[in-house]
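Q: Here it is: the structure, laid out below.
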Amino acid sequence: MPEFPRIGITSGDPAGIGPEVVERWMASGPEIEGSVHLFGPTVWTRRLGSAYGCRGMGLGPDDYRPVAGHPDQMGARIAWESLQAAARACKAGELDAVVTGPVSKAALAEVGFVHPGQTEFFAEAWGGKPVMAFTGGRLRVALATWHVPLSEVPSSLNPDRLERAVRAVDWLARAEGVGGPRIGVCGLNPHAGENGILGTEEREWINPVLARLKASGLGVGSAQPADSLFSRSLNGEFDAIVALYHDQGLGPVKTIDFDRSVNVTLGLSHVRTSPDHGTAFSIAGKGTARWESLANAVTVAVRLAIHARASGSFRSGEDQLRT
């Protein structure tokens, strides 16, 4: 591996804040800029390549000029093609990790993109069973389920999903230098079921799975009430948390770490991270978008790529399921 891992960065939707936060980050003079490969609108990749010496793959017509704040179908196609090109580059061994810019799910759907999100796209492109996680701030959180309606969460949860989330966040914490991570797992029900009074999932199968994982050597105990678990983690009791559904984990993350948190896709054959913000069409082009989350996403991608190479595992936690 070179001094810095080779990092691909996709623009996201060209009409959103993705391209401008990448440009503002590169203008700050990061050491890694020579190891960056950009994927996005041709005018953007050429401008940044000329200014900062980074490589780029321009996509779409040479004369395409996105209008900030106004997504269109060409921009959505470029966002999609950027993901495809970055995924292929990783599979070909040309990149060590990918950092993805924010996309519009609605705009992508209009041009035929069938995945609920970028996480699911990379799962299909690279193979594996993904785990969505967040790090980079004060909280380190993995989700057992994510892009499913709340009404379907109980039926979507199962021992395999729970185990994958626990093992993935253990891998993530170790990759970030935590030895013997202490992992807190949220209960599904209020007060983690209150011994069956407020729900039976914890007693019937969640806690037995966690007991088995603890016996295997992981630093995990029984499910804990979610309303206090994140505060306990902030106070140093836990190094990582597993939340059982999207808003259970993302509510605290976006409250505590909105400008710092990084979305990490674990369990796949390559490292993928993303800033934890959306396209923000309403402020695109106004020069007010902050680039700290993008910088954190690159930093985390570099760290995880180095750890994956050193440990001989690019599965980001999935290989542990075979132990």
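Residue numbers (the numbering used here): 439 to 761. Cβ atoms here follow ideal geometry from the backbone N, Cα and C, with glycine treated the same way. Being a predicted model, the structure only gives us computed values, none of them experimental.
#1: State the CB to CB distance for the pair S449 and S520, rounded to an integer number of angstroms; the pair is presumed to be in contact (CB under 8 Å).
#2: DSSP three-state call for R493: helix, strand or coil?
#3: According to the Cβ coordinates, are I621 and V537 closer than 8 Å?
#4: Is DSSP giving S712 helix, strand or coil here?
#5: Would you please state the rounded distance, in angstroms, between the beta carbons of G631 and R641? I believe it to be under 8 Å.
#6: Got a sec: is the Cβ-Cβ distance from A580 to anything in chain D below 8 Å?
#7: Taking its Cβ as the centre, do 16 or more other Cβ atoms sit within 10 Å of Q511, making it buried, or is it exposed?
#8: Quick one: Cα of P726 to Cα of F719, how far?
#9: Please report the straight-line C-alpha distance between S712 and A571, rounded to a whole angstrom.
#10: When you compare only the Cα positions, how much space is there between E639 and V579?
#11: Could you check which residue in G494, A514, R493 has the C-alpha nearest to that of R503?
#12: I'd like the span of the beta strand (DSSP E) that includes T448, first residue to last.
#13: Within a Cβ cutoff of 6 Å, which residues of the same chain sit near H585, ignoring the five residues on either side of it in sequence?
#14: Closer than 8 Å by C-beta to E469: which residues in its own chain qualify, once you throw out the five before and the five after it? Chain order, please.
#15: Quick one: residues in its chain with C-beta nearer than 8 Å to the C-beta of V591, no 5 flanking neighbours on either side, listed in chain order?
#16: Could you tell me the boundaries of the beta strand (DSSP E) in which I470 lies?
A: Considering the structure as presented:
#1: Rounded, the Cβ-Cβ distance is 6 Å, consistent with contact.
#2: strand
#3: No, the Cβ-Cβ distance between I621 and V537 is not below 8 Å.
#4: strand
#5: 6 Å
#6: Protein chain content of the structure displayed is limited to a single chain, and chain D is not contained in it.
#7: Exposed: under 16 other Cβ atoms inside 10 Å.
#8: Pro is not the amino acid found at residue 726; the sequence shown has Thr there. Going by the C-alpha atoms only, they are around 12 Å apart.
#9: 10 Å
#10: One alpha carbon belongs to E639, the other to V579, and they sit about 21 Å apart.
#11: A514
#12: For T448, the enclosing beta strand (DSSP E) has its first and last residue at 445-448.
#13: P554, G555
#14: F442
#15: Cβ within range, chain order: T583, L626, L682, Y683.
#16: Here I470 belongs to no beta strand (DSSP E), and DSSP marks it neither H nor E.
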